[in-house]
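The following block contains the structure:
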C-alpha cells in the first residue's frame, strides 16, 4: 500500500485500512485490497478486491456506481477507463504462448481465458488484479474477462500451472535475451487517438532486439497483431 505521505491530506483522510490509491492525471481512485502469501514469493503480494470510488478536493470521496452482473446478479464496481496500455512486454509473452492458451481453454473451458490472463500477469508482476489487467493490452485482446470476488482453488491452481508453463516457454523462446526484452519493451505503451491505437518508436537497440524475434512493435505490426487477435 502506498505511503499516505505521497498524497495530499484531502486524499489521505478518506483512506482506511485495506485500501490503496491509484493516481491518474489529477484524479485519485480508491481500491480495496488484501495481502496474500504466494508460493515462490518471499513477501506478501497485494491482491485488489475492487474499485471503491474516487476522491476530489471539492467533493471528497465519491463512491463508485454499481451495476448488476448478468452472470451472478451481484453488484460489481464499474471499472475505470485507462488512457494507455502496457503493450511491448505482454505482446512478447503472447507471441510465444498461444498453445498454452489453447490448452488452458480445453482444460478449464469457460475460465481458460481468465486463467491465461492471470497467469501472464503473475509471470510478469508476481500477482494479478483487475487494475493490472485493465492497463495491459490483455484487456483489449481479452475484453470479456471478469474478475470474481472469490477465486476457487481449482482456478488458483490453474493460474499457477499456467504461470509455470509460461515461464518455461518464455525461457526456451528468448533465453538470455528475456531480461533485455523485459527492460527495452517496458517503454512500449499503447495509446489511443482519433485514428486508432499508436505506439511510440523504440530505441535502435530495442528495435533490433524486437526484429530478432519478429515481435510486433511497429505501428503497422501492432495494428495487424491487434486485428488478427481480435478477429
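Numbering (our numbering), first residue to last: 430 to 660.
Glycine is no exception: its CB is placed at the ideal position from the N, C-alpha and C atoms.
Segment limits, beta strand (DSSP E) that includes residue i
i: residue 623; result: That residue, residue 623, is in no beta strand (DSSP E); it is neither H nor E in DSSP.
i: residue 490; result: 489-492
Sub-7 Å separation of residue i and residue j beta-carbons
i: residue 591; j: residue 544; result: yes
i: residue 541; j: residue 534; result: yes
i: residue 548; j: residue 515; result: no
i: residue 594; j: residue 529; result: yes
i: residue 436; j: residue 449; result: no
i: residue 569; j: residue 546; result: no
Cα-Cα separation, residue i to residue j
i: residue 557; j: residue 490; result: 26 Å
i: residue 637; j: residue 517; result: 14 Å
i: residue 538; j: residue 551; result: 20 Å
i: residue 606; j: residue 562; result: 25 Å
i: residue 648; j: residue 440; result: 39 Å
Pick from the options that is closest to residue i, judged by C-alpha positions
i: residue 634; options: 648, 628, 610; result: 610
i: residue 536; options: 643, 442, 586; result: 586
i: residue 625; options: 613, 460, 602, 655; result: 655
i: residue 571; options: 608, 523, 599; result: 523
i: residue 621; options: 560, 651, 598; result: 651
i: residue 632; options: 640, 623, 613, 576; result: 613
Boundaries (first-last residue) of the alpha helix (DSSP H) holding residue i
i: residue 517; result: 517-523
i: residue 441; result: 438-441
i: residue 590; result: 582-603
i: residue 547; result: 541-554
Other residues of its chain near residue i: CB distance less than 6 Å, five sequence neighbours each side excluded
i: residue 598; result: 525, 526
i: residue 643; result: none
Nonlocal neighbours in the same chain, by C-beta distance under 7 Å from residue i, ignoring five residues either side
i: residue 584; result: 540, 544
i: residue 554; result: 561
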